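Trainee:
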Amino acid sequence: FVQQTKWSLQLMTQRALEAESNVEKLKQEIAILQGELESSKVENENLKAGQTTDLGAVKHNIDFALQNLHKIITGANWSIRQLTLGVESLHFVAEVLESTGKISEVEAEEE
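If you're matching positions, the sequence shown starts at 20 in our numbering and goes up one per residue.
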């Protein structure tokens, strides 16, 4: 009976040592996994920040393009006004020339 008790005690001691060893290995694995989890969280935050930055850059580019488009539209409107004024001036010059031509014809007929 004593021999069997010693053997059972040795077996329990061996199992306890193996269990402690497994616990230590599991603690190390947990520490490694927690480190990987933290790294993944940081990487995730960095990716989110990168996406935000990219969206911010896209918004900035759109705003910049809109500003340039408004400048182009303003310039085009100004050019159209200038062309319209130029056309009106040309019509006026044509009328003056026609009047001058008619006056010249009348004067030529009177002579």
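Positions of the beta carbon are idealized from the N, C-alpha and C atoms, including for glycine. What you are looking at is a predicted structure, and each value in this text was computed from that prediction instead of being measured.
Hey, how far is the Cα of residue 22 from the Cα of residue 28?
Mentor: Working through the sequence shown from its first residue, we reach residue 22 at position 3. Working through the sequence shown from its first residue, we reach residue 28 at position 9. Going by the C-alpha atoms only, they are around 10 Å apart.
Trainee: Would you identify the three-state DSSP class for residue 107, choosing helix, strand or coil?
Mentor: In the sequence shown, residue 107 corresponds to position 88, counting from 1. Three-state result, residue 107: helix.
Trainee: Quick check on residue 83: does DSSP put it in helix, strand or coil?
Mentor: Against the sequence shown, residue 83 aligns to sequence position 64. Three-state DSSP puts residue 83 in a helix.
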